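Following: one structure in structure tokens, then a few remarks.
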Amino acid sequence: MAKSGLQIYLEKNTDPDDNLVQQKVKRYLRLTTLFKKLDDSVKSGDPTVTIKNGKQKYEKLNPAITEMQKLNSQLLALEREINIDVKIWQNIMRKTAPDSGKENSHQEGLV
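Residues 2 to 112 in this note's numbering are what the sequence shown lists, from first letter to last.
Put into structure tokens, the structure is as follows:
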């Protein structure tokens, strides 16, 4: 399976030896994949589903939408944690670089 741009970015910007961080990254990538599948399901269908129960028939919100909301909350929480880990890792790498602080010090804070 080909790596996504997100996966490449996270692998490049997190500590490969930190098992906890790598576990967060794996979980984040799995949840992202699941979110995309649910999103495709909702886009290809109707935002509501018809429920038939005996003689009763009614419309209700597609359950995938509710699951997407839950997944989104989990993704946002993991994203906050991973962003903290990425910043820590980048600081470590910056400090251990052979020419840290010489050439790129004037570029900090640029977008």
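Even for Gly, the Cβ is constructed at its ideal location relative to N, Cα and C. Source: prediction; values computed, not measured.
Taking the C-beta atoms as reference points, N63 is found nearer than 7 Å to V43. Here I85 is not bridged, per DSSP, to any residue. The beta carbons of I83 and K25 sit closer together than 7 Å.
For K61, there is no enclosing alpha helix (DSSP H); the residue is part of the beta strand (DSSP E) that begins and ends at 57-62. Here Q75 has L32 as same chain residues with Cβ atoms under 7 Å from its own Cβ, once five neighbours each way along the sequence are excluded.
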